[in-house]
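**Student:**
Numbering (the UniProt record's numbering), first residue to last: 1 to 434.
#1: I'd like to confirm the pairing. Which residues does DSSP put opposite residue 456 in its beta bridges?
#2: If I follow the unbroken alpha helix (DSSP H) through residue 259, where does it start and stop?
#3: Please report the straight-line C-alpha distance between residue 15 and residue 35, rounded to a whole angstrom.
#4: Find the nearest neighbour of residue 184 within the set 390, 371, 233 and 30, judged by alpha-carbon distance.
#5: Within a Cβ cutoff of 8 Å, which residues of the same chain sit near residue 207, ignoring the five residues on either side of it in sequence?
#6: Along the chain, which unbroken stretches of the alpha helix (DSSP H) at least 4 residues long are found entirely within the region 83-152?
#7: Mapping the DSSP letters down to three states, classify residue 210 as helix, strand or coil.
#8: Are the CB atoms of residue 416 and residue 196 within a distance shorter than 9 Å?
#9: Let me know the secondary structure DSSP gives residue 162 once reduced to three states.
#10: Suppose the cutoff is 7 Å on Cβ atoms and the five residues either side in sequence are ignored; what does the same chain contact list for residue 239 look like?
#11: For my contact list, residue 305 and residue 336 are in at a C-beta cut-off of 8 Å; report their separation, rounded to the angstrom.
#12: Between the C-alpha atoms of residue 144 and residue 27, what's the straight-line distance to the nearest angstrom?
#13: Less than 6 Å between C-beta atoms, sequence neighbours within five positions excluded: which residues of the same chain meet that for residue 66?
#14: Rounding to the nearest angstrom, what Cα-Cα distance links residue 85 and residue 106 in this structure?
#15: Expressed to the nearest angstrom, what Euclidean distance is found between the alpha-carbon atoms of residue 50 and residue 317?
#16: From residue 319 to residue 329, what does the alpha carbon distance come to, in whole angstroms?
#17: When we look at the beta-carbon of residue 137 and count the other beta-carbons within 10 Å, is it buried (16 or more) or exposed?
#18: Using the Cα positions of residue 253 and residue 411, report the straight-line distance between them to the nearest angstrom.
#19: I'd like the list of long-range same chain contacts for residue 348, defined as Cβ closer than 6 Å, with 5 residues on each side in sequence excluded.
#20: In or out: residue 175 buried (at least 16 other Cβ within 10 Å) or exposed?
#21: Pick out the complete beta strand (DSSP E) segments inside the region 35-71, 3 residues or longer, and give them in chain order.
#22: For residue 410, which of helix, strand or coil comes out of DSSP?
#23: Enumerate in chain order the residues of its own chain whose CB-to-CB distance from residue 422 is below 6 Å, with the five nearest sequence positions on each side excluded.
#24: Per DSSP, what kind of secondary structure is residue 176 in: helix, strand or coil?
#25: Please report the distance separating the alpha-carbon of residue 153 from that of residue 179.
#26: Please go through the same chain and pick out, in chain order, the residues whose beta-carbon is closer than 8 Å to the beta-carbon of residue 148, but skip the five residues on each side of it.
#27: So is residue 345 buried or exposed if we call it buried at 16+ other beta carbons inside 10 Å?
#28: To the nearest angstrom, how far is the alpha carbon of residue 142 from that of residue 81?
#29: On the three-state DSSP scale, how would you describe residue 415?
#30: Output yes or no for whether 9 Å exceeds the beta carbon distance between residue 362 and residue 334.
#31: Have a look at residue 255 and residue 214 and give me their C-alpha separation to the nearest angstrom.
#32: Express the C-alpha separation of residue 222 and residue 109 in angstroms, rounding to a whole number.
#33: In whole angstroms, give me the CA-to-CA distance for residue 424 and residue 199.
#34: Excluding the 5 residues preceding and the 5 following residue 146 in the sequence, name in chain order all residues of the same chain whose CB lies nearer than 7 Å to its CB.
#35: From this set, 295, 204, 369 and 405, which residue's C-alpha is nearest residue 352's C-alpha?
#36: So residue 281 is in the alpha helix (DSSP H); what residue range does that whole segment cover?
Below, the structure is given as structure tokens:
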């Protein structure tokens, strides 16, 4: 009878791949780091990402086994590999020089990348690897894996079957970026995203007409992270659409819970080009609205000027579909790009939202009135409403009122607030404005 590996009994060996589990991986990493410190050697941590074919679970299990068999021929007996998922593998290269590390990583890519056959069907897998080598200025073993994973994302950007080796010390800004990049995929699952709303006030109506939706991320280590830090990374690693869908479902849930007096306000939600290029995006949006059993007129979708450089006809069709369904469209950050008059005519737009930097530049050069008045006239002639944000004091409010702007947003009226405070803030504002 074949003897069973005692590690199997302890749950330290994965049944499918035959490689150590994540728990054993960390144990060996701790041992490796101690060995490195004692004998002045180096350990490389490799984070491997395989492209994932759209197949059934049983096929994925088969591919995992095949990948594991190939991987065994690529690494040494003293090295450790562990499958974190069907697509992600961490490999520890023990007592290795940088030159040896490069050779082994290139061998891994050559071995794992290529064709796999299952039931007469062929699947092509691609490999991206991020690498870091200890000792560097890393705080602990978690940091090593985090840095390697961050480098894996860099390798993905280099193209097919590439690897990226990190060199150098980690300064605070680099460390912060790496933490954000590695933890971002978990933020949706662990509930650390939340939403705030900032009211928008009508000049003629003298009340709150709607709110802008603002996503926030409360990170367990870094605290509150601004959207400008994590949303570009979400675009980079392919999470932007998942985040948008989560945000939109949350907004729909909040719309249903609004107090009766505030049922008529709109919720403005930002769209990126990624969302507009998503297949059947407009139908997905309407399905979410329908599932929530609310009206499409509750929503304004904000797009930026950079949509003009993409498939214009496709974007226009999707926006028009949403508009025909009862939603409104706002052009955000106007003045930050190169929007032409024909763009205004072609695209279905209801609101124009002025860019903050554009406004600041005009104010510095004493050109605010000479530029804004023609923009306002054009907007009104085309049936658009003009929106300005960043209103912080009564003087600014009075100046923009004189310029004929339709909708105002800023800390003068309210800071962004969580949903549980929104009804109260709107009621207070409406009383103040009337």
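Where a beta carbon is used, it is the ideal one built from N, C-alpha and C, also for glycine.
**Tutor:** On the basis of the coordinates in this document:
#1: With the chain running from 1 to 434 in the structure shown, residue 456 is simply not present.
#2: As a first step, residue 259 is located in the chain shown; it is residue number 259 there, counting from the start. Segment: none, residue 259 is in no alpha helix (DSSP H) and carries neither H nor E.
#3: Indexing the chain shown from 1 puts residue 15 at position 15. Indexing the chain shown from 1 puts residue 35 at position 35. Computed Cα separation, rounded: 29 Å.
#4: Locating residue 184 in the chain shown gives position 184, counting from the first residue. The residue with the shortest Cα to Cα distance from residue 184 is 233.
#5: Here residue 207 is taken as the residue at index 207 of the chain shown, counted from 1. Around residue 207: 201, 429, 430, 433 and 434.
#6: 98-112
#7: On the chain shown, residue 210 is found 210 positions in, with the first residue counted as 1. Looking at residue 210 - three-state DSSP - the assignment turns out to be strand.
#8: Within the chain shown, residue 196 is the residue found at index 196, counting from 1. Within the chain shown, residue 416 is the residue found at index 416, counting from 1. Contact flag set, yes.
#9: Stepping through the chain shown from its first residue, residue 162 is reached at position 162. Strand at residue 162.
#10: As a first step, residue 239 must be located in the chain shown, where it is residue number 239. The answer, listed in chain order, is 184 and 185.
#11: On the chain shown, position 305 is the one that residue 305 refers to. On the chain shown, position 336 is the one that residue 336 refers to. That pair is a contact at about 6 Å.
#12: Residue mapping note: residue 144 aligns to position 144 of the chain shown, counting from 1. Residue mapping note: residue 27 aligns to position 27 of the chain shown, counting from 1. About 14 Å.
#13: For the purposes of this step, residue 66 is identified with residue 66 of the chain shown, where counting begins at 1. So the list reads 116, once near-sequence residues are dropped.
#14: Here residue 85 corresponds to residue number 85 of the chain shown, with the count starting at 1. Here residue 106 corresponds to residue number 106 of the chain shown, with the count starting at 1. Those two C-alpha atoms are separated by around 22 Å.
#15: Indexing the chain shown from 1 puts residue 50 at position 50. Indexing the chain shown from 1 puts residue 317 at position 317. Looking at the two C-alpha atoms, the distance is approximately 35 Å.
#16: Within the chain shown, residue 319 is the residue found at index 319, counting from 1. Within the chain shown, residue 329 is the residue found at index 329, counting from 1. Looking at the two C-alpha atoms, the distance is approximately 7 Å.
#17: As a first step, residue 137 must be located in the chain shown, where it is residue number 137. Because residue 137 carries a pLDDT of 49, less than 50, the predicted location of this residue cannot be relied on, and the following value inherits that uncertainty. Per the 10 Å Cβ criterion, exposed.
#18: In the chain shown, counting from the first residue as 1, residue 253 sits at position 253. In the chain shown, counting from the first residue as 1, residue 411 sits at position 411. Roughly 25 Å separates the two Cα atoms.
#19: Against the chain shown, residue 348 aligns to sequence position 348. These residues qualify, in order along the chain: 319, 320, 323 and 329.
#20: Along the chain shown, one-based indexing puts residue 175 at 175. Looking at its Cβ environment, which holds 16 or more other Cβ atoms inside 10 Å, residue 175 is buried.
#21: Listed in chain order, they are 43-50.
#22: Residue mapping note: residue 410 aligns to position 410 of the chain shown, counting from 1. Coil.
#23: The residue given as residue 422 occupies position 422 in the chain shown. Within the same chain, residue 422 has close Cβ partners 197.
#24: Indexing the chain shown from 1 puts residue 176 at position 176. Note: residue 176 maps to helix in three-state DSSP.
#25: Counting from 1 along the chain shown, the entry for residue 153 is found at position 153. Counting from 1 along the chain shown, the entry for residue 179 is found at position 179. Residue 153 and residue 179 have their C-alpha atoms roughly 13 Å apart.
#26: Along the chain shown, read from residue 1 onward, the residue named residue 148 stands at position 148. Excluding sequence neighbours, residue 148 sits near 45, 46, 47, 90, 130, 131, 132 and 166.
#27: Taking the first residue of the chain shown as 1, we reach residue 345 at position 345. By the neighbour-count rule (16 or more Cβ atoms within 10 Å), residue 345 is not buried but exposed.
#28: Within the chain shown, residue 142 is the residue found at index 142, counting from 1. Within the chain shown, residue 81 is the residue found at index 81, counting from 1. Between residue 142 and residue 81, the C-alpha separation is close to 16 Å.
#29: The residue given as residue 415 occupies position 415 in the chain shown. Three-state DSSP puts residue 415 in coil, outside helix and strand.
#30: Here residue 362 refers to the residue found at position 362 when the chain shown is read from its first residue. Here residue 334 refers to the residue found at position 334 when the chain shown is read from its first residue. Not closer than 9 Å, so no.
#31: Taking the chain shown and counting its residues from 1, the one referred to as residue 255 is at position 255. Taking the chain shown and counting its residues from 1, the one referred to as residue 214 is at position 214. Roughly 15 Å separates the two Cα atoms.
#32: Start at 1 with the first residue of the chain shown, and residue 109 comes out as number 109. Start at 1 with the first residue of the chain shown, and residue 222 comes out as number 222. So the two alpha carbons sit approximately 34 Å from each other.
#33: As a first step, residue 424 must be located in the chain shown, where it is residue number 424. As a first step, residue 199 must be located in the chain shown, where it is residue number 199. Using only the alpha carbons, I get a separation of about 12 Å.
#34: Within the chain shown, the letter at position 146 stands for residue 146. The answer, listed in chain order, is 178, 179 and 182.
#35: Here the question's residue 352 lines up with position 352 in the chain shown. When only C-alpha atoms are compared, the closest one is 405.
#36: Numbered from its first residue, the chain shown carries residue 281 at position 281. Run containing residue 281: 281-292, per the alpha helix (DSSP H) assignment.
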